[in-house]
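In full-length UniProt numbering, the protein residues as written are 1 to 451. Presented below is the structure to which this report refers.
Next comes the structure, spelled out in structure tokens:
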């Protein structure tokens, strides 16, 4: 079974800590016991050598092949009783026992080296040292041993007791480490998530926003800093693009006005009418391009409270001559109601104007256009041919026209409406009426304090 590494940073860190804690918990006690035993053995060897030297200082010759040890002080009761498992034996070069303490003959002294320097030995549960002593009657070896199974040998008991007490302290600390680290990492992740939410809120209408770099860890700061620099370049690019399009649209309006005046001198009425329609179409396109440029400069802090009822009455009143001139009828439903939303009065008015203009341009003469005030927006419907299901996903695109036979539209109207809705974070829907015709509905966020 293949082990897959978790994608979560927290899970990876906690997994690594868990493996580390397991290895430490298993290996550290073994290492500690080994170090403790080495330290205890070294300490024990030092004590035994000191006692062997004290015994050497207490040697007295009692006969040709015997010596006498006259211990005093603390050593006398230790070797007189043998209670704690300590004993000594003194032998010569031939291996003859010259003196011994109580239980001294039980020492495995044959396993001890009898060299010219002090040496340590271990045999069974006995541990001891062999100390050479150079006397006038030859070299003697004082062999001091400790029976580690005796009641006075507490090294193993101390080791076991130390181990359990040490583990009782170590294991809770090891278990606390991932908890403490997870809390610290969680705080880091929350800060990163907060910055991620800020990044998600940035849109073309909020390019002035920047990610907060003050609380970001040093490891992630270069990425956040690079993102902010990218937003600087995007904001500058959008601003320059909008200014360029706006300037071009403005420059085109003057020659168009002059061209319209010159058309009056054309004598052929049919030619003059055809050219006038082309100039009208070009003027309409220029106006829409100018409107698109103004959209790119709209930001969320430019929103205000907009009364949709008053706005709809004003827009319809301005468009009535054009609507009637195209042999259409228009009706406003709910116009006396007060519906307040948050947004740009100019842009929302532009959206309504484009929807009405779209109905005028793409429906046959005699069509009735109905504008209805909704709780958070309005709808524009007509009794014309409607929008087919096949065209619904295309109709919001720029430069797309349902009626390609017409030459007085560039297909920008509904794309402008869609863009206005997007910058306001509202909604735009379209559907066909059961009896024929199309319904376009717009919605905007409510104004602060509006009900």
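No residue lacks a Cβ here, since even glycine has one placed at the ideal position from N, Cα and C.
Using the C-alpha atoms, what's the distance from residue 84 back to residue 44? To locate residue 44, count along the chain shown from 1; it is residue 44. To locate residue 84, count along the chain shown from 1; it is residue 84. Each residue's alpha carbon lies about 13 Å from the other.
So what's residue 35 in DSSP terms, helix, strand or just coil? By 1-based counting over the chain shown, the position of residue 35 is 35. Three-state result, residue 35: helix.
Exposed or buried, what is residue 93 when buried is set at 16 or more other beta-carbons lying within 10 Å of its beta-carbon? Residue mapping note: residue 93 aligns to position 93 of the chain shown, counting from 1. Exposed, by the Cβ-count rule.
Per DSSP, cross-strand counterpart(s) of residue 69: Counted from its first residue, the chain shown places residue 69 at position 69. Answer by DSSP bridge pairing, in chain order: 59.
How far does the alpha helix (DSSP H) with residue 76 in it reach, from first residue to last? The residue labelled residue 76 in the question sits at position 76 within the chain shown. From DSSP, the alpha helix (DSSP H) with residue 76 extends over 75 to 81.
Residue 100, buried or exposed, once every other Cβ within 10 Å from all chains shown has been counted against 16: As a position in the chain shown, residue 100 is number 100, starting the count at 1. Residue 100 comes out buried.
Over what stretch of residues does the alpha helix (DSSP H) that includes residue 382 continue unbroken? For this step, residue 382 is matched to residue 382 along the chain shown. Segment 377 to 382 is the beta strand (DSSP E) holding residue 382; no alpha helix (DSSP H) there.
Is the separation between the beta-carbon of residue 119 and that of residue 111 shorter than 8 Å? In the chain shown, the residue the question calls residue 119 occupies position 119. In the chain shown, the residue the question calls residue 111 occupies position 111. It is not a contact, given that the beta carbons lie outside the stated cut-off.
Selection from 363, 341, 424 and 441 that minimises the alpha carbon distance to residue 448: Within the chain shown, the letter at position 448 stands for residue 448. Out of 363, 341, 424 and 441, 341 has the C-alpha closest to the C-alpha of residue 448.
What runs of the beta strand (DSSP E), each 3 residues or longer, lie entirely inside the UniProt domain "HAMP" (186 to 239)? none
Quick one: any contact between the stretch 16 to 23 and the stretch 172 to 181, if contact means 3 or more CB pairs under 8 Å? yes
Are the stretch 364 to 371 and the stretch 416 to 425 touching by the rule of at least three beta carbon pairs closer than 8 Å? no
Give me the residue from 185, 262, 198 and 386 with the minimum Cα distance to residue 13. For this step, residue 13 is matched to residue 13 along the chain shown. For the residues 185, 262, 198 and 386, the minimum Cα distance to residue 13 belongs to 185.
Expressed to the nearest angstrom, what Euclidean distance is found between the alpha-carbon atoms of residue 445 and residue 263? Taking the first residue of the chain shown as position 1, residue 445 is located at position 445. Taking the first residue of the chain shown as position 1, residue 263 is located at position 263. Distance between the alpha carbons of residue 445 and residue 263 is about 46 Å.
Are the Cβ atoms of residue 380 and residue 323 separated by less than 8 Å? Along the chain shown, read from residue 1 onward, the residue named residue 380 stands at position 380. Along the chain shown, read from residue 1 onward, the residue named residue 323 stands at position 323. No, the pair does not count as a contact, with Cβ atoms beyond the cut-off.
What does a CB cutoff of less than 6 Å around residue 353 pick up in its chain, not counting 5 residues either side in sequence? Stepping through the chain shown from its first residue, residue 353 is reached at position 353. Correct list, in chain order: 315.
Checking 8 Å against the spacing of the C-beta atoms, do residue 40 and residue 131 come in under that value? Numbered from its first residue, the chain shown carries residue 40 at position 40. Numbered from its first residue, the chain shown carries residue 131 at position 131. Cβ distance not < 8 Å, so residue 40 and residue 131 don't count as in contact.
Run the CB neighbour count on residue 104, radius 10 Å, all protein chains shown included, and call it buried at 16 or more, exposed below. In the chain shown, the residue the question calls residue 104 occupies position 104. Residue 104 is buried by the Cβ-count criterion.
Counting C-beta neighbours from all protein chains within 10 Å, is the total for residue 142 16 or more, i.e. buried, or is it exposed? Position 142 of the chain shown, counting from 1, holds the residue named residue 142. The residue is buried, with at least 16 neighbouring Cβ atoms inside 10 Å.
Can you tell which of 38, 332 and 338 has the C-alpha that lies nearest to the C-alpha of residue 356? Position 356 of the chain shown, counted from the start, is the residue given in the question as residue 356. The shortest C-alpha separation from residue 356 is found at 332.
Buried versus exposed call for residue 429 [16 or more other C-beta atoms within 10 Å across all chains shown]: For the purposes of this step, residue 429 is identified with residue 429 of the chain shown, where counting begins at 1. When all chains shown are included, residue 429 counts as exposed.
Quick one: give me the first and last residue of the beta strand (DSSP E) that residue 314 is part of. For the purposes of this step, residue 314 is identified with residue 314 of the chain shown, where counting begins at 1. Not the beta strand (DSSP E): residue 314 falls in the alpha helix (DSSP H), residues 308 to 325.
State buried or exposed for residue 377, treating a residue as buried only when at least 16 other CB atoms are found within 10 Å of its CB. Your numbering for residue 377 matches position 377 in the chain shown. Classification for residue 377: buried.
For residue 137, is the classification buried or exposed, using 16 other Cβ atoms within 10 angstroms of its Cβ as the cut-off for buried? Reading the chain shown from its first residue, position 137 is the one you call residue 137. Flag for residue 137 reads exposed.
Mark residue 51 as exposed unless 16 or more other C-beta atoms lie within 10 angstroms of its C-beta, in which case mark it buried. For this step, residue 51 is matched to residue 51 along the chain shown. Residue 51 should be labelled buried.
Can the beta-carbon of residue 320 be found less than 8 Å from the beta-carbon of residue 345? As a position in the chain shown, residue 320 is number 320, starting the count at 1. As a position in the chain shown, residue 345 is number 345, starting the count at 1. No, the Cβ-Cβ distance between residue 320 and residue 345 is not below 8 Å.
Starting from the Cα of residue 170, find the closest Cα among 427, 435, 29 and 334 and give me that residue. Residue 170 sits at position 170 when you count from the first residue of the chain shown. Looking at the Cα atoms, 29 is the closest of the given residues.
Which same chain residues, not among the five before or five after residue 440, have their C-beta less than 6 Å away from its C-beta? In the chain shown, the residue the question calls residue 440 occupies position 440. So the list reads 355, 380 and 430, once near-sequence residues are dropped.
With DSSP as the reference, please indicate the residues paired to residue 147 in a beta bridge. As a position in the chain shown, residue 147 is number 147, starting the count at 1. Answer by DSSP bridge pairing, in chain order: 126.
Going by CA-CA distance only, name the one from 311, 325, 75 and 351 that's closest to residue 337. The residue labelled residue 337 in the question sits at position 337 within the chain shown. Of the listed residues, the one whose Cα sits closest to residue 337 is 311.
Residues in its own chain within less than 8 Å of residue 227 by CB, not counting five upstream and five downstream? Taking the chain shown and counting its residues from 1, the one referred to as residue 227 is at position 227. Cβ neighbours of residue 227 beyond the five flanking positions: 199 and 211.
Residue 330: buried (16+ other C-beta within 10 angstroms of its C-beta) or exposed? Here residue 330 refers to the residue found at position 330 of the chain shown. When all chains shown are included, residue 330 counts as buried.
For residue 149 versus residue 87, is the C-beta distance shorter than 8 Å? Position 149 of the chain shown, counted from the first residue, corresponds to residue 149. Position 87 of the chain shown, counted from the first residue, corresponds to residue 87. Not closer than 8 Å, so no.
Along the chain, where does the beta strand (DSSP E) containing residue 342 start, and where does it finish? Numbered from 1 along the chain shown, position 342 holds the residue referred to as residue 342. Taken as a continuous stretch (DSSP letters only), the beta strand (DSSP E) holding residue 342 covers 340 to 343.
Where do the ends of the beta strand (DSSP E) carrying residue 100 lie? Your numbering for residue 100 matches position 100 in the chain shown. 97 to 100 is the extent of the beta strand (DSSP E) around residue 100.
Own chain partners of residue 326 with C-beta closer than 6 Å, once the 5 adjacent residues on each side are dropped: Taking the first residue of the chain shown as 1, we reach residue 326 at position 326. Same-chain partners within the cutoff: 360.
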